[in-house]
Structures are given as structure tokens and as C-alpha cells.
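Q:
Number of protein chains: 2
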Amino acid sequence: MSGATLDGVTISRAPQQERSRLTQQRLLSATVECLVEFGWSGATTTVIADRAGVSRGAQLHHYPTRASLVLAAVEHLAELRAAELRVEAAALGGLAGHDRHDRVLDMLAASFTGPLFVAALEVWVAARTDPELRAALIPLEAKVGREMHRLAVDLLDADESTPGVREAVQATLDLLRGLGVANLLTDDSARRTALLAAWKDQLATILNR
Amino acid sequence: MSGATLDGVTISRAPQQERSRLTQQRLLSATVECLVEFGWSGATTTVIADRAGVSRGAQLHHYPTRASLVLAAVEHLAELRAAELRVEAAALGGLAGHDRHDRVLDMLAASFTGPLFVAALEVWVAARTDPELRAALIPLEAKVGREMHRLAVDLLDADESTPGVREAVQATLDLLRGLGVANLLTDDSARRTALLAAWKDQLATILNR
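Chains as they are written, first to last, in UniProt numbering: chain A, 1 to 209; chain B, 1 to 209.
#1: Can at least three beta-carbon pairs, one atom from the stretch 100 to 109 of chain B and one from the stretch 187 to 206 of chain B, be found at a separation below 8 Å?
#2: For B/V125, name the three-state secondary structure that DSSP assigns.
#3: Can you give the Cα-Cα distance for A/N208 and A/G97, rounded to whole angstroms?
#4: Would you say the beta carbon of A/S189 comes nearer than 8 Å to a heavy atom of the ligand ATP?
#5: Do A/L108 and A/L155 count as a contact pair if the criterion is CB distance below 9 Å?
#6: Nearest CA to the CA of A/E88: which residue from A/G178, A/V118, A/T44, A/A110?
#7: Does any residue of chain B bring its CB to less than 9 Å from the CB of residue 212 of chain A?
#8: Does B/T162 pass the burial test, meaning 16 or more other C-beta atoms within 10 Å, or should it be called exposed?
#9: Using a Cβ-Cβ cutoff of 8 Å, what residues of the stretch 36 to 58 of chain B are near chain A? List them in chain order.
#10: Does any CB atom of chain A fall closer than 9 Å to the CB of B/R177?
#11: With distances taken between CB atoms, is the gap from B/V70 to B/L22 smaller than 9 Å?
#12: Check distances from the C-beta atoms of the stretch 134 to 147 of chain B to those of chain A and list, in chain order, the residues that come in under 7 Å.
#13: At the level of alpha carbons, what is the spacing between B/E84 and B/L77?
#14: Given this structure, state the Cα-to-Cα distance separating B/E18 from B/D174, to the nearest angstrom.
#15: Excluding five sequence neighbours on each side, which residues of the same chain lie with their C-beta closer than 6 Å to the C-beta of B/L137?
#16: Comparing the C-beta of B/A194 with each C-beta of chain A, is any distance below 9 Å?
#17: Using the Cα positions of A/V165 and A/A58, report the straight-line distance between them to the nearest angstrom.
#18: State the start and end residues of the unbroken alpha helix (DSSP H) segment that holds B/G39.
#19: Say whether the stretch 177 to 190 of chain A touches the stretch 137 to 150 of chain A, bearing in mind that this needs 3 or more beta-carbon pairs closer than 8 Å, one atom from each stretch.
#20: Name the chain A residues that come within less than 9 Å of B/E122, Cβ to Cβ?
#21: If you draw a straight line from the C-alpha of A/G53 to the C-alpha of A/A30, how long is it?
#22: Hey, out of B/T205, B/I206, B/L176, whose CA is closest to B/T193's CA?
#23: Going by beta-carbon coordinates alone, are A/V169 and A/V181 separated by less than 9 Å?
#24: In angstroms, rounded to a whole number, what distance separates the CA positions of B/R51 and B/A72?
#25: Relative to the C-alpha of A/E167, which residue among B/F112, B/L179, B/P15 is closest?
#26: So, for B/H62: in the same chain, excluding its five sequence neighbours on each side, which residues have a beta-carbon less than 6 Å away from its beta-carbon?
#27: Thinking just about the alpha-carbon of each residue, which of A/I206, A/V123, A/P131, A/A171 is nearest to the one in A/T44?
#28: Starting from A/P131, trace the alpha helix (DSSP H) in both directions and tell me its first and last residue.
#29: Could you please give the first and the last residue of the uninterrupted alpha helix (DSSP H) stretch that includes B/T193?
#30: For B/P115, which of helix, strand or coil comes out of DSSP?
#31: Along chain A, in chain order, which residues have C-beta atoms closer than 8 Å to that of B/D102?
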């Protein structure tokens, strides 16, 4: 790595803490890439270390177990995606009402067909039959779920004190998860677009009650 | 197997065709059980043959590849579940309107949290990164999807010529798939029941337009 540059900074001269952070980020990105490309069974720690260009020793130093690496990667990606969604939402400016809801729904739907969803689903399904991974994933699932719900409420400018609104936001996220699974093997975007158009009308009625 | 009895018939005396059918059914049931219990990576052909009490030779005779065995198992279970749903629906008798829709929705939701869903999801996710399995699964996914849609339309007594009804039935199935995934690691039934109660009201409005 000595002499390599990133953003014009010679990594070998960066402080230890900064180098650690970069190593971690490369491992987390490589983990998501390998989960998307090879699935759970193919995304072994060896394959991930190779992809990241990080030694096994350094990998074990930062993430002692496969579970710790994979969970950190899913959490990292969830945070990145939430930040992206907030940036995209800011770009909507003063857009309000039905137009805003439609655009937000498209943005959320994209999250459930992108790499975060695919990587997370690989880990979720593997965790079902892996007690150690499952125990570690359950609190993360709850945290990511809560944050996704809060983000959706914010972006949709939804008032959860109105009866039915909370359930409608939840149903939207569950629907999008189902549409994500339907998109795993084939491009389901035509059907998804038609279905979401109808859902947007439904949602608008509930949110504007 | 000699001398064992099933439904009072001595299997060793059953005709060859009947014995083949029984062997196949044991293999298919064992495949689903192993997928549910051990996940995709643990449900190897050896583990499945052991569970079924069938020799590797007999297994290879009926299902030459892991993909053929797993696909036959998912298709078999989908047919069984569809038949069960029709029997449960028949038991609803003359129940109509909102009451009927509510009960049908509960029955469909149970399908997306039961062993068929879990076994199918294991196969779906594995197929994403396994080209041979993926190629074989895509037509089966389309067939099972069409049949599930038709079944839902029948059971809900839905008129798809009414605008929005077709999309509402599709959204229902996609929502239930999303709820199935949300139920993988933890018992999500309390949240699911509350959410489905709200969706039943929505659906009733659309179906009775």
C-alpha cells in the first residue's frame, strides 16, 4: 500500500487512525460486493480479503469473525443509503403533496432493488439457520428497520398521528421489500412501476386525509 | 422398506409405479424439510437422501441433479399449498364480502410465513448467484406466481375488469411476500396482524368499488 495515493494523500504518510479507517472501509465495500456477486456461500472471508487487497492478518484485526465483518458491512451500507436518500430528498426542494410522495416512493423502491437490499437479504437468509449470526443480526435488523421507517416518515412528510398513516408507511416498506424479492432473478421493473403507480394513489389518499 | 406398511398397503407388494411415486414424495418432502431446517448450503443431496431414507442410487435415478430435486420439491409444495388453500376456502362456505376477504387474506398470509415460503426463498436466493439453478427456476417462478395470482383472485372473488383491482391483488401478494421476509428471524405476527387489519380495510374499498 506504501506510496499509493487516495484523494492526493499518500496513504503511507496518513496517521495510523486514518489508515485503519480506510482499511475498514475497503473491507466493508468488498464484503458487500462479494455478497452481491457470489452470494452468502461464495463470500468467504478469504475471498473478501482478496477483493479488498487487505491481508488476512489486518482483516482479523479489524473483524475477528465473518459475522462481525458481514454485520458491519450491512450496517455501513444502510447508513450510506440513508444518507444518499436524504441528499436525494433535499434535491426535491419545495416539492410537496402527491408529486413529492411519488418521487420519494421511487427513491425508496430503488433502495429495495439495489446492492444494499441484495447483500442484506443474503445475510438475512443465511442467519435464519446460523444461530450465532442470527443472534447478532436481530438487534441490527430492528435498528435498521426503525431508521428506515423514520426516514420514510420524514421524506413523505407523513403525520403519524393521523389514523392509518403509520400502518400505511409500514405497508409501503413491506410492499417494497416484497417487490425487491420479486426482482431477484428477473428484471421486474415494468410490473413494479405499474403496481407502484396504483400504490401511490392509495397512499396519497391516506396521507392527505 | 420391505414389509413396511402405509395406509395398510404392504409397500413391497405395491406395483413398481406406486413405489416410485412414494420414493419421489419422500424425497420431495425431505428436500423441503432440509431446506427449512438447514438452509440452502446445508441441504445437500446426501443430507436429503439420508432424511428421506432413500439410497443415493434411487435418488439419482429420480432426480439426477440437486437443481432438479430442489425445483421439483418447490413445485410440489406449491401445488400442495394451493390445494390446501382451496380446501380452506371451501370451508368458508357462503361467507362473502368483507368477512370473506379478511379470512382469505389471513390464509394467504399464512402461506407466506410457512415452510413453502421459507424453502422457496432459500432456493430463490441461492439461484441468484447460481446460473444453472437460476435458468431452471425462472420459468417455475413465473408459473407459481401466475397460479398464486389466479388463486388469490378466485378466493377473493375479485373482478379484475374493475380498474385497480388487478393491481390491488398483486400488491397484496407482494406485501405478503415482504411480510414473509420480515418474519424470517423473529416472530413478526403482532405487527403483521395490525398491518393486515389496515390493509383489509383498504382492499375492501378497492374490491367493492
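Backbone N, C-alpha and C fix where the C-beta goes; we use that ideal spot for every residue, glycine too. Computed from a prediction, not measured in an experiment: that's the story for all the values here.
A: Looking at the atomic coordinates:
#1: yes
#2: What you label residue 125 of chain B is simply residue 125 of the second sequence in a count that begins at 1. Of the three classes helix, strand and coil, the one that applies to B/V125 here is helix, per DSSP.
#3: Taking the first sequence and counting its residues from 1, the one referred to as residue 208 of chain A is at position 208. Taking the first sequence and counting its residues from 1, the one referred to as residue 97 of chain A is at position 97. C-alpha separation (whole angstroms): 8 Å.
#4: Looking at this structure, you won't find the ligand ATP or any other ligand, since it has none at all.
#5: Along the first sequence, one-based indexing puts residue 155 of chain A at 155. Along the first sequence, one-based indexing puts residue 108 of chain A at 108. Yes.
#6: Residue numbering aside, residue 88 of chain A sits at position 88 when the first sequence is read from its first letter. Answer by Cα proximity: A/A110.
#7: In the structure as shown, chain A starts at 1 and stops at 209, and residue 212 of chain A therefore has no counterpart that could be examined.
#8: In the second sequence, residue 162 of chain B corresponds to position 162, counting from 1. The residue in question, B/T162, is exposed, as its Cβ has fewer than 16 Cβ neighbours within 10 Å.
#9: E37, F38, G39, W40, S41, G42
#10: Your numbering for residue 177 of chain B matches position 177 in the second sequence. True, the Cβ-Cβ gap to chain A drops below 9 Å.
#11: On the second sequence, residue 70 of chain B is found 70 positions in, with the first residue counted as 1. On the second sequence, residue 22 of chain B is found 22 positions in, with the first residue counted as 1. No, these two residues do not count as a Cβ contact at 9 Å.
#12: R134, L137, I138, E141
#13: What you label residue 84 of chain B is simply residue 84 of the second sequence in a count that begins at 1. What you label residue 77 of chain B is simply residue 77 of the second sequence in a count that begins at 1. Computed Cα separation, rounded: 10 Å.
#14: For the purposes of this step, residue 18 of chain B is taken as the residue at position 18 of the second sequence. For the purposes of this step, residue 174 of chain B is taken as the residue at position 174 of the second sequence. Their Cα atoms are separated by approximately 38 Å.
#15: As a working mapping, residue 137 of chain B is identified with position 137 in the second sequence. Counting only Cβ-Cβ distances below 6 Å, and skipping sequence neighbours, we find A127.
#16: For this step, residue 194 of chain B is matched to residue 194 along the second sequence. By this cut-off, B/A194 is an interface position.
#17: Position 165 of the first sequence, counted from the first residue, corresponds to residue 165 of chain A. Position 58 of the first sequence, counted from the first residue, corresponds to residue 58 of chain A. Roughly 48 Å separates the two Cα atoms.
#18: Along the second sequence, read from residue 1 onward, the residue named residue 39 of chain B stands at position 39. Looking at the DSSP string, the run of the alpha helix (DSSP H) that includes B/G39 is 16 to 42.
#19: no
#20: Indexing the second sequence from 1 puts residue 122 of chain B at position 122. Correct list: V125, R128, T129.
#21: Along the first sequence, read from residue 1 onward, the residue named residue 53 of chain A stands at position 53. Along the first sequence, read from residue 1 onward, the residue named residue 30 of chain A stands at position 30. About 9 Å.
#22: Numbered from its first residue, the second sequence carries residue 193 of chain B at position 193. The residue with the shortest Cα to Cα distance from B/T193 is B/L176.
#23: Position 169 of the first sequence holds residue 169 of chain A. Position 181 of the first sequence holds residue 181 of chain A. Cβ distance not < 9 Å, so A/V169 and A/V181 don't count as in contact.
#24: Taking the second sequence and counting its residues from 1, one reaches residue 51 of chain B at position 51. Taking the second sequence and counting its residues from 1, one reaches residue 72 of chain B at position 72. Rounded to the nearest angstrom, the two C-alpha atoms are 17 Å apart.
#25: Here residue 167 of chain A refers to the residue found at position 167 of the first sequence. It is B/L179.
#26: Along the second sequence, read from residue 1 onward, the residue named residue 62 of chain B stands at position 62. Q24.
#27: For this step, residue 44 of chain A is matched to residue 44 along the first sequence. When each option's Cα is compared against that of A/T44, the closest is A/V123.
#28: Counted from its first residue, the first sequence places residue 131 of chain A at position 131. Unbroken alpha helix (DSSP H) run through A/P131: 131 to 156.
#29: Within the second sequence, residue 193 of chain B is the residue found at index 193, counting from 1. Start and end: 189 to 207.
#30: Start at 1 with the first residue of the second sequence, and residue 115 of chain B comes out as number 115. The answer is helix: DSSP assigns B/P115 an H, G or I state.
#31: The count along the second sequence starts at 1 and reaches residue 102 of chain B at position 102. Simply none; closest approach about 15 Å.
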